[in-house]
Every structure is written in structure tokens, then in C-alpha cells.
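Residue numbers (full-length UniProt numbering): 1 to 128. For every residue, glycine included, the Cβ atom is placed at its ideal position computed from N, Cα and C. All values reported here derive from a predicted model rather than from experimental measurement. What follows is a set of notes on a single structure, which appears directly below.
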């Protein structure tokens, strides 16, 4: 059944993210576990934007793994498929840009710079 498959894939993806981000903390006052952020992004997409596309939800969970862990896009593709890899790749910060440029470029700026991207990638970017 499709629903059972989707549930398994989302749980597998959330577990993957939890393992990858296990030692990371947010920079907030409470130093909350970092995993709360990608879960929150996925929640915004499903609850507020009504997104039910499995690839988009998994990409939302995975959106910071390449930037913030030792995860590669090749690993994401091997585990979650080429569609998820593509979305994650599009919302991953370009490490060739200086940290100053990456940090000063807000979500709106990034959306304008990447306006050629499909809507799935834009949804993950907006929510993150």
C-alpha cells in the first residue's frame, strides 16, 4: 500500500537525519537538539502548506545534512533516490561562496538567485 510505503520512508528519513545531526545543537538559548529544525521545516510544509509529496517532505528533513554533517549528495541519492537528491542539492548552500555571502543572503535573496528552480525546491527553501 502507498501509505505504508510513505510512512516507512519518512520514518527511515527522520531516523537518518537524527543519526546525522545527533551531536548538534541549535544556537538558541535552550541549545535545543538540531533535529528539531528539520522536523519543524517538514511540519510547516505538511501542516501549513498542505504538501503531501513524499520527496519534498524527505528533502525538508534532509535539507541541512549536506551542509552540516559529513553526508554527501551521493549518499542521499543512494538511500532516498535521485528526486530527493536533486531537491536537497538545490537548497544546499554553495560552499564555494564565502561564509559572509552565504550568511548575508536571506531566503528571499536566495529565491531570486535561484528562481529557475522547480516549485518543490522553492517550498523547502522557503520553509527552512
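Per-residue burial, residue i [other beta carbons within 10 Å of its own, 16 or more giving buried]
{"i": "residue 11", "result": "exposed"}
{"i": "residue 19", "result": "exposed"}
{"i": "residue 59", "result": "buried"}
{"i": "residue 8", "result": "exposed"}
{"i": "residue 25", "result": "exposed"}
{"i": "residue 84", "result": "buried"}
Proximity below 9 Å, CB of residue i to CB of residue j
{"i": "residue 39", "j": "residue 73", "result": "no"}
{"i": "residue 16", "j": "residue 56", "result": "no"}
{"i": "residue 92", "j": "residue 67", "result": "yes"}
{"i": "residue 27", "j": "residue 35", "result": "no"}
Coil, strand or helix - residue i by DSSP
{"i": "residue 26", "result": "coil"}
Contact set for residue i: own chain, Cβ-Cβ below 6 Å, skip 5 residues either direction
{"i": "residue 183", "result": "Lying before the first or after the last residue shown, residue 183 is absent from the chain, which here runs from 1 to 128."}
{"i": "residue 6", "result": "54"}
{"i": "residue 13", "result": "58 and 61"}
{"i": "residue 32", "result": "26"}
{"i": "residue 69", "result": "20"}
{"i": "residue 29", "result": "none"}
Same chain only: Cβ atoms within 7 Å of residue i, ignoring 5 sequence neighbours per side
{"i": "residue 77", "result": "85"}
Chain-order list of residues whose beta-carbon lies under 8 Å from that of residue i (same chain, five-residue window excluded)
{"i": "residue 47", "result": "none"}
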